[in-house]
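These notes are about the structure you will find just below.
Residue numbers (the numbering used here): 617 to 813.
Below you can see the structure in the form of C-alpha cells.
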C-alpha cells in the first residue's frame, strides 16, 4: 500500500471544513472534491490526482505523474478550471495532504475565487465522496493489477474516466451517466428560466 497524503501541520490554518460531510450541490461548479490515488506499474507507481463535481459526480479534472509534488494537484485544478470555468464561490474540498494545503494550490484557488475546504486529520469520511470514487476506480479498472508501463496506465485511466463520465450509469443520478445528468438538468433549468420570463 502506498501513502499519498502527508499532512502539512504548518499550513492547516489556511482552510477549515466548510462541508461538515454534506456533499450536496444544487448545480455544477458549486462544490468540487479532490484527492490522489495511485496505480502500480512494472516500473513503479503512477499517481492520479482528480477533481470530482459533487452535483453530477463528473470527473472534471485529472492529472497523472510519477511523483507527488504539488504541481500534480495544481495541474488537475488547471484542467478543471479550463474545462469548467467556475464562477467565484466554488468550494474546493480535499483532505489535509501537503499538496492541497501548499501555498501554490491555495493561492491558485484564491486567484480563481474558490474557497478551500479541508476535512479533519485522518478521517476518510470527511472526504467520503472522493474516497468512494477511488473505490470505484480501483474496483472497476485497477483491481489489483500492475500495468506494464506508465503510458498504458495513463491510456487505461483516461479511457476509463471518459467511460465513467459519459457512459457509466449512476443510481444516485437516476441511472444516468454524469454528462447526461448535467446536460438534462441544465436544459431543464434553462427552460424554467425562459418560461419565467
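Quick reminder that beta carbons are idealized off the backbone N, C-alpha and C, glycines included.
query: In its own chain, which residues sit with a C-beta less than 7 Å from the C-beta of residue 758, not counting the 5 before and 5 after it?
result: 655
message: Assuming the contact rule is C-beta atoms closer than 8 Å, residue 747 and residue 669 should be a hit. Round their C-beta distance to whole Å, please.
response: That belief does not hold up - the Cβ atoms of residue 747 and residue 669 are roughly 16 Å apart, past 8 Å.
query: Is it right to say residue 636 is buried, meaning 16 or more other beta carbons lie within 10 angstroms of its own, or is it exposed?
result: exposed
- request: Using the DSSP secondary-structure output, state which residues sit across from residue 753 in a beta bridge.
  value: None; residue 753 has no bridge partner.
- prompt: Where does residue 658 land, buried or exposed, given buried means 16+ other C-beta within 10 angstroms?
  reply: exposed
message: Let me confirm a value: residue 794 is counted as buried when at least 16 other C-beta atoms fall within 10 Å, else exposed. Which label applies?
response: buried
field: Distance between beta carbons of residue 660 and residue 682, contact taken as under 8 Å
entry: 6 Å
query: residue 727: buried (16+ other C-beta within 10 angstroms of its C-beta) or exposed?
result: exposed
query: How about residue 721: is its Cβ closer than 8 Å to a heavy atom in the ligand ZN?
result: The model on display carries no ligand, and the ligand ZN is accordingly not part of it.
- request: Flag this pair as yes or no: are the beta carbons of residue 707 and residue 744 separated by less than 9 Å?
  value: No, the Cβ-Cβ distance between residue 707 and residue 744 is not below 9 Å.
- request: Would you identify the three-state DSSP class for residue 713, choosing helix, strand or coil?
  value: Looking at residue 713 - three-state DSSP - the assignment turns out to be strand.
Proximal residues to residue 697 (C-beta, below 8 Å), its chain only, five neighbours per side dropped: 677, 728
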